[in-house]
Amino acid sequence: ALGRAEALELQHEVMRAVERRTSQWFTLGEMAAKAHIPEEVALLMATRFFVKSAEGAREDCGMNMIVEEDGYNLEQIRPDGEPPIVLVAPGLAMLFGEGIQGWRFSIDAVEAMCDYVKKFPEVVLCIRLKHQRTMGAHHVFPKTRDADFELKRLVKYCTTQLFKKVRLVPPRYMCLGASGVSHLEEVCSIFIKNCAAQRPEPEAVRVTDPKSLWRTCRGGALPPSTLFPPVPLVGMRGSYVRPNGMVPVGSVGTVVGVYEEKNAGTEGGAP
Numbered sequence: 428a429l430g431r432a433e434a435l436e437l438q439h440e441v442m443r444a445v446e447r448r449t450s451q452w453f454t455l456g457e458m459a460a461k462a463h464i465p466e467e468v469a470l471l472m473a474t475r476f477f478v479k480s481a482e483g484a485r486e487d488c489g490m491n492m493i494v495e496e497d498g499y500n501l502e503q504i505r506p507d508g509e510p511p512i513v514l515v516a517p518g519l520a521m522l523f524g525e526g527i528q529g530w531r532f533s534i535d536a537v538e539a540m541c542d543y544v545k546k547f548p549e550v551v552l553c554i555r556l557k558h559q560r561t562m563g564a565h566h567v568f569p570k571t572r573d574a575d576f577e578l579k580r581l582v583k584y585c586t587t588q589l590f591k592k593v594r595l596v597p598p599r600y601m602c603l604g605a606s607g608v609s610h611l612e613e614v615c616s617i618f619i620k621n622c623a624a625q626r627p628e629p630e631a632v633r634v635t636d637p638k639s640l641w642r643t644c645r646g647g648a649l650p651p652s653t654l655f656p657p658v659p660l661v662g663m664r665g666s667y668v669r670p671n672g673m674v675p676v677g678s679v680g681t682v683v684g685v686y687e688e689k690n691a692g693t694e695g696g697a698p
């Protein structure tokens, strides 16, 4: 276990790491430039587009970093005057302002877009020529005899990527992407290992007031609300306090995601 001073030092180190990771967000135009594709192509690839097989089955081959309400796109307004409801892939896309120019994409999203473009340039070419949300497989892969086979290869690629695996959330949230969580885990592990090497004996803490000691055996009671911050932030260190929760009570970790209460609550991760 870390001492009080060491825990505070680790908290500062974690927050510096979080600041480095969360500052790397790119506009749609910047992401398109890094992938060497037009901005309108990047927008369609980042949202949803469909490719139809010879039998007429539609496959969603978009990256789903931004998923609009059915029947609308990001540039449309609903009859009630409101923009379409959207969900986003956490750690990949986030809404910072109004309109399309308000969207930002993480370094993980940029790398995923570049990889998609590199492995399936036919998709980019077809979108540039047709700029339609639904395209036939024979249009996407015109130079092959078996377009449906190439479509299956494209679908398999998409389903194995992070942008298809994460659970969608409302567009305003705080979260680290997969690479950010891995970096944070490395920072914490190295710090804790160095502390253990310098101080082999754990620090003893004397409790003078029994009321200040929270016991997990109290029938599922939660610790005092004064122990919780009013608003949790990504990078905050803490302990898991639910006696019958998903992980052992007392487990120490770092907040890596904060979402709206109606969706996902707070996520923890990194040792």
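For the record, in the sequence shown the residue sitting at position 126 is 553 according to this note's numbering, with numbers rising by one throughout. A virtual CB, placed ideally from N, CA and C, is assigned to each residue, including glycine.
Anticipated Cβ contact below 8 angstroms, residue i with residue j, distance rounded
i: TRP530; j: LEU437; result: About 33 angstroms; that fails the 8 angstroms criterion.
i: PRO517; j: VAL596; result: 5 angstroms
i: VAL478; j: VAL567; result: 6 angstroms
i: TYR603; j: VAL685; result: According to the sequence provided, residue 603 is Leu. The question's Tyr does not apply to it. Their Cβ separation, rounded to whole angstroms, is 10 angstroms, which puts LEU603 and VAL685 out of contact at 8 angstroms.
i: SER480; j: ASP575; result: 5 angstroms
Residue of the options minimising C-alpha distance to residue i
i: ALA444; options: SER678, ARG555, MET673, MET663; result: MET663
i: ASP535; options: ALA473, ALA434, ALA623, ASN621; result: ALA473
i: THR562; options: VAL683, LEU519, GLU486; result: In the sequence under discussion, the amino acid at residue 562 is Met, which differs from the Thr named in the question. Taking only the C-alpha atoms, the option nearest MET562 is GLU486.
i: GLU482; options: SER533, ALA564, VAL682, ARG431; result: ALA564
i: GLY524; options: LEU556, PRO465, ARG599; result: ARG599
i: ALA484; options: LEU578, THR587, SER609; result: LEU578
i: LEU519; options: ILE464, ASP542, MET492, GLN528; result: MET492
i: GLN451; options: GLN528, PHE532, ALA432; result: PHE532
i: VAL608; options: LYS570, ASP542, ARG447; result: ARG447
i: GLU457; options: GLY665, LYS583, GLN528, VAL544; result: GLN528
i: CYS615; options: PRO569, LYS570, GLY665; result: GLY665
i: PHE453; options: VAL544, TYR667, MET540; result: MET540
i: LYS583; options: MET673, LEU435, PHE547; result: PHE547
Alpha carbon of residue i to alpha carbon of residue j, nearest angstrom
i: ARG505; j: MET601; result: In this prediction, ARG505 has a pLDDT of 49, which is less than 50 and means its spatial position is unreliable; nothing more can be read from the coordinates.
i: SER606; j: VAL537; result: 12 angstroms
i: ILE554; j: VAL593; result: 25 angstroms
i: GLU549; j: MET521; result: 28 angstroms
i: PHE476; j: CYS585; result: 12 angstroms
i: PRO698; j: THR681; result: Legend: pLDDT at PRO698 = 49, less than 50; position of this residue unreliable, no value from coordinates given.
i: GLY646; j: ILE617; result: Low per-residue confidence applies at GLY646: pLDDT is 48, beneath 50, and the placement is therefore not dependable, though the value from the model is reported in the following sentence. Approximately 36 angstroms, taken between the alpha carbons.
i: LEU581; j: GLY489; result: 10 angstroms
i: VAL515; j: GLU495; result: 9 angstroms
i: PHE590; j: ARG633; result: 48 angstroms
i: PRO572; j: ALA459; result: At residue 572 the sequence reads Arg, which differs from the Pro that was named. Whole-angstrom Cα-Cα distance: 31 angstroms.
i: ASN690; j: LEU660; result: Model confidence at ASN690 stands at a pLDDT of 43, short of 50, so the residue's coordinates are unreliable; what they give is reported in the following sentence. C-alpha separation (whole angstroms): 17 angstroms.
i: LYS557; j: LYS461; result: 22 angstroms
i: ALA611; j: LEU470; result: The residue you asked about is not Ala; residue 611 is Leu in the sequence shown. Roughly 30 angstroms between the two C-alpha positions.
i: PRO675; j: ALA623; result: 22 angstroms
i: TYR499; j: GLY526; result: Interpretation of TYR499 is limited by its pLDDT of 49, a score under 50 that renders its predicted location unreliable; no figure is taken from the coordinates.
i: SER678; j: ALA432; result: 19 angstroms
i: GLN625; j: ILE619; result: 10 angstroms
i: GLN559; j: VAL551; result: 12 angstroms
i: PRO465; j: GLU613; result: 36 angstroms
i: GLN588; j: HIS463; result: 21 angstroms
i: ASN621; j: ALA434; result: 13 angstroms
i: MET673; j: PRO569; result: 50 angstroms
i: HIS439; j: VAL513; result: 34 angstroms
i: THR635; j: TYR667; result: 23 angstroms
DSSP beta-bridge partners of residue i
i: ILE493; result: VAL515
i: LEU603; result: None, per the DSSP bridge assignment.
i: SER533; result: TRP452
i: LYS399; result: Absent from the model: residue 399. The displayed extent of the chain is 428 to 698, so no value can be given.
i: ALA520; result: PHE532
i: VAL596; result: VAL515
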